[in-house]
Amino acid sequence: MQLTETANQVYFDKTKAREKTCAGWLKEQGKAVRKLILFAAIAGIINGLGVIVQSAVLAFILQAVIIDQLPWASVITPLILLAAVFILRSLCVYWHQTWGFEAGAQVRASVRQQLFARFLALGPAAIKQRQSGDLAAVTLEQVDALENYFSRYLPQQIIVGALPLIMIIVVMPVNWVVGLILLLTGPLVPVFMALVGMGAASANRSQFLAMARMSGYFLDRLQGLPTLKLFGQATRELENIDRIADDFREKTMAVLRIAFLSSAILEFFSAVAVALVAVYVGLGLLGLIHFGPAEHISLGEALFVLLLAPEFFMPLRQLAINYHDKAAALGAADAILAILEQNTDAMDTSCADDSHHDKINLIEINDVSKSYDQRQILTRINLQITAGEKIVLAGESGAGKTTLLNLLLGFEVPTEGRVLLSGQTLNRESAAEAIAWVGQNAYIFHGSIKDNIALADPDASGQSIVNAAQAAGVTEFSAQLPEGLLTPIGERGYGLSGGQVQRIALARAFLKNAGIILLDEPTANLDAANKALLLDVIDQLFANKTLIIASHDAEVIHRMDRRVELQQGRLVS
Amino acid sequence: MKDLWFFLKLFKPHSAWLTGGIFLSLLTAFASIALLTLSGWFISATAIAGLIAVDGNALAFNFMLPAAQIRALAITRTLGRYGERVVTHEATFRVLAGIRSWFFQQLIPLVPGRLSAMRSGDLLSRMTADIDALDALYLRLLAPAIVAAIGVTTVTVFLAFFAPVISLTTGLMLMIASVWVPSVFNRLGRAGAEEIVVLAANFRIRQIDMMQGLADLIANQAYERFSDFLGQFSDLMINTQRRNNRLSAVSSALTLLLSQIALLMALVLGAISFKDGLLSGSDLALLVFCVIAAFELVMPLPQAMQMLAKTRKAARRIRQITEMPPAINSPTQAIALPDSFDLQFNDVSFRYSDQQAWVLKNISLTIPQGSKIAIVGASGSGKTTLLQLIMRFYDPEQGSVLLAGQDFRHLDADALLNCFGVLSQRSQLFAASIKENLLIAKPDASATELDIAVKAAGLENYIGYLPEGLDTWVGESGVKVSGGEARRIALARLYLKNAPVLILDEPTEGLDSDTERDVFKALADFARDKTVIMVTHREAGLGLADVVYGMERGVLREL
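These protein sequences, in sequence, are chains E and U. Per my numbering, the very first residue in the first sequence carries number 1; after that it's consecutive. Per my numbering, the very first residue in the second sequence carries number 574; after that it's consecutive.
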């Protein structure tokens, strides 16, 4: 593949910048749960303090037993204290984990709400561009992937800031040389890790690309597998897959070999600190070292500092373990932000001048054009519709009918011009209020037929639902179902014919009892007999409403009062 | 569990790396325990020796050896940790690379018939993310478990040399912490974990419902009601997760408490032994420090158990694909392909599954070698399905398809594909050079052959214009290729393959009329002595056909 160093760099910089945005967003989300994160951190810090007390008591007991040879009575209290600390520490472990969880849970619930609000704002036109399965994966898995960042990583960050410092302060008065050893090795750890991290960053660059390349290559070959097979080349391709997968392994390991240096450094300092402390206090106890407080050291003090030495590095090691939680959260944030940041068509809701509005016109389309990127869909449409009119919108498929309907429904906004509803600039809310719409493929939701009819008004009386069902001819087929109108249907109306779905949708529109009825190709997917039946139903149901039907069916056109035709995005009469 | 065992079998070729990683993990763990244990002993021993020295006795304590050992252990632990990390990951990535190519190999018989309903994004995520998730199987489950098992045994045996009672209590606590706690809490959490899977599946279904019916919801002012409902669902999931998290918090707390109880018991029992003169002071310190350090062995186990569910799910998802039966079965003893290519449909009916409607109904059709037919009809009438049966992506449910009188079912499916050259509205270009894209049709084609194909397909101007000519990179991440140029590349492939039967599926769909004319002109020339089966709803290509059929709702009739 053509990979130049510059392409590599550009790719990496882009990724880095994106990562920064994502990190900023994560920080923003964390603000609301700051308290919980703090609680979790405090539980962790108290646990750390417990370690200090425990080490002191343990050292005291060993000193008392081995050196001072004190009787049992004098170590009973310390033993009880020790047991108490053990229980306190266990409780802290529990609290640390449960409070952390609450922080993550609250963030997740709030992010889900944000996503739901966003889906609504984006509207059907934009949502249709994406796989609904992918969107579900974002609200489900990706949001869940945020959990550990808030429940573990952030509290641990606070702990790392506090606990080692406290330990040094405690150790200093006991033995300042050991305190100094910790003080010197401790801060060196992040410094060295940062140095290694920089090395890893440059190695990361090639790995980033190797990963993107591997994914891209696999996707390419997966999509092309039928073609490869057609040419008898599928088995041959295995060699390439092997090569790419192996290449990825090598690139990844190159990064990891460096990245692991940082954990080796942690390990090194932790091990060296233990060894240094052990040898220093050991030789001090033997009286072979005269540097610092070595000569006056007791076994208790020696054991205390030895016990604390590995604990000193514990918080940092834990943070290193939690580091991949951060990486996972950044990845999830990227996917979530891709939705939250997607541009919506600016919905102009403020404008409401009706100074020169002709009251007779219920709907007024003034000089409306609509284009996507380069493609012009509608060009300078002018159309007035008065209340009670029966109007058919004719035109070949692709002429722009559906787009025009989407504009009427407020699902999309015009690129130029305006759509007025009762003199006000139309928006999604006012359209939903005034218009009952039956789309080309009316959607049937999981639930009963009754639930589906009562979509707009779930509190509608049972009688009114039955009336609507009867009027639209739903009862004709629901009567034969085991549970009548309460029969569960769903997953795109599985088990129902296209005509039956249409009737449920018509009942839905009828029950809504809106002033304007908008039907998009109501007779598509129907044979001649069913078509006539349905059109009769439509005539009856909506006799006193404003009716707009988009259709290129001759029979529909024949039945309506007025006909407007779209040809390649222009209205012709 | 069955799924995980299955993948363990795929680990075998890399067993040297895998055992090497476990060996280094053990070495590091032992060095880490020994470092703390030896240090504790060393300090106590020096303290006691120091006391004696103060008493006036000659200093007989050899401090050089333990001090050197401590330094050696510190270095072993550092290097061991690094080596362990590198080797275990090397092992893991070798295993994963192997599984990836194994996965691809499993896919080959499944396309296009069986996998046509699957989105490539979904397949990709199984091939990348799910296989990546299998890394936990060795790194977080197998290796820590083996290290814990060997480590716990060794520590227990080691302690027995000094104080059998302490060895017993510590061993017991370690066993409880490493076996009983993870398994009990895994069992307690299983109901919740399964509940979460069910809730998540329902959440997904309802959200997909909501996304697909978004227009209806907005137009009926019902979106808020639905999204509130989903919000409640999310709360329900979080509640279950909260319960499980609480369980896991209790198990962490319990593991800690067990380590502390072991420590307390070692301390008390050790002190008793010391007072009874059965244990020296320095050995008492050694025991206490050893017990403290030993619990590092079992600390990663509760978390490993939490990974188990996720890893198992990933394994399941991968196996879901690889265990699919292929859409067609190749016969064990395939008949050699006949020399003539007369095709025949014998009363063929077909549907994609038992639950779906018939797509083709009682189709009988004879296509003698060299004849040229066109099939017209609305989209969804079954034209493309007919072509797919000709290429044997599927077998008919009723009736049979014959090649020179031989039922397709007796022929080798891969060999059969050699008879067909396909040009469709989707020209698959690979991310590769134009040349490599052409060579797919004939890997051993000479430069002259390539040249002829390029000319015949009307590509020479386009390629002449590119600075890198045939070596220009196309496909994703390459030079942008227009639909017309892509079609011409596919046309050149058709020339190179030079198959006796041409299958043209809306061959000029989406092309401008100039290109369309070019393509048909080229085809008319090329197809002179070949069988042509064309599906179209455009007038332009019909001149190519001798017979035109109409297709409506799965029924074929001559026009």
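All C-beta atoms, glycine included, are put in the ideal place defined by N, C-alpha and C. Since the structure is predicted, the reported quantities are computational estimates derived from the model, not experimental observations.
Could you say which of U:T957, U:I672 and U:F636 lies nearest to A278 (chain E) if we only look at CA atoms? U:F636
What does the Cβ neighbour count give for H357 (chain E), buried or exposed, with the cut at 16 atoms within 10 Å? Below a pLDDT of 50, predicted positions are generally treated as unreliable, and H357 (chain E), at 47, falls in that range; the measurement from the model is reported next regardless. That one is exposed.
Every unbroken beta strand (DSSP E) inside the region 593–673 of chain U [3 residues or more]: none
Along the chain, where does the alpha helix (DSSP H) that runs through S430 (chain E) open and close? R428 to A434
Residue nearest to F862 (chain U) in terms of C-alpha spacing, selected from U:K582, U:I606, U:L1129 and U:G854: U:I606
I'd like the ranges of any beta strand (DSSP E) spanning at least 3 consecutive residues and lying wholly in the region 312–338 of chain E. none
Quick check: the region 124–140 of chain E against the region 327–347 of chain E, are at least 3 beta-carbon pairs closer than 8 Å? yes
So, is the C-beta of N1071 (chain U) closer than 9 Å to a C-beta in chain E? no
Cross-strand partners of Q971 (chain U) (DSSP beta bridge): U:S922
Closest Cβ-Cβ distance between G44 (chain E) and chain B: below 9 Å? Although the question refers to chain B, the structure presented lacks it and instead comprises the protein chains E and U.
Would you mind reading off the limits of the alpha helix (DSSP H) that contains F60 (chain E)? R34 to L62
Given this structure, state the Cα-to-Cα distance separating T235 (chain E) from G498 (chain E), to the nearest angstrom. 44 Å
Within 9 Å of any Cβ in chain U, is that where the Cβ of R570 (chain E) sits? no
Give the DSSP bridge partners of N513 (chain E), in chain order. In DSSP, N513 (chain E) forms no bridge with anything.
Selection of the region 653–667 of chain U by Cβ proximity to chain E, strictly under 8 Å: R654, Y655, R658, V659, H662, E663, F666 and R667
Do you know offhand how far A1063 (chain U)'s Cα is from A1100 (chain U)'s? 15 Å
Looking only at DSSP bridge pairs, what is K390 (chain E) linked to? E:L547
Regarding L378 (chain E) and the ligand NAP, is the C-beta to nearest heavy atom distance less than 8 Å? Of ligands this structure carries none, so the ligand NAP is not represented either.
To which residues of the same chain is T729 (chain U) closer than 6 Å at the C-beta, ignoring the five residues directly before and after it? S740 and G744
Check this for me: beta carbons of L933 (chain U) and G955 (chain U), under 9 Å apart or not? yes
Residue from E:F411, E:R418 and E:E237 whose Cα sits closest to the Cα of Q678 (chain U): E:E237
Classification of Y149 (chain E) by the beta-carbon crowding that lies within 10 angstroms, buried from 16 upward: buried
Tell me which same chain residues have a C-beta within less than 6 Å of the C-beta of V1128 (chain U), skipping the five on either side of it? K934
Let me see if you follow: with CB-CB separation under 9 Å, is T905 (chain U) close to chain E or not? no
For S1006 (chain U), list the residues DSSP reports as bridge partners. U:W1046
If you follow the beta strand (DSSP E) that R563 (chain E) is in, where does it begin and where does it stop? R562 to Q567
Does the beta-carbon of G629 (chain U) have 16 or more other beta-carbons within 10 angstroms, so that it is buried, or is it exposed? Unreliable placement is indicated for G629 (chain U), whose pLDDT of 48 sits below 50; the coordinate value is still reported in the next sentence. It counts as exposed.
Check whether chain U comes within 9 Å of L261 (chain E), counting only Cβ atoms and requiring the distance to be less than that. yes
If you draw a straight line from the alpha carbon of D459 (chain E) to that of K512 (chain E), how long is it in whole angstroms? 12 Å
Beta-carbon spacing of L91 (chain E), A826 (chain U) below 9 Å: yes
For A352 (chain E), does the three-state DSSP call read helix, strand or coil? In this prediction, A352 (chain E) has a pLDDT of 46, which is less than 50 and means its spatial position is unreliable; what the coordinates show is noted afterwards. Residue state, collapsed to three classes: coil.
List the endpoints of the continuous alpha helix (DSSP H) containing V277 (chain E). A234 to L286
Close Cβ partners of E396 (chain E) (< 7 Å) along its chain, the five nearest in sequence each way excluded: H552
Give a yes or no on contact between the region 175–182 of chain E and the region 811–819 of chain U, applying the rule of three or more CB pairs nearer than 8 Å. no
Under 9 Å between beta-carbons, which chain E residues line up against V738 (chain U)? List them in chain order, please. Ordered by position in chain E, no residue passes the 9 Å Cβ test against V738 (chain U), which lies about 17 Å from the chain.
According to DSSP, which residues form a beta bridge with I1076 (chain U)? U:V995 and U:I1106
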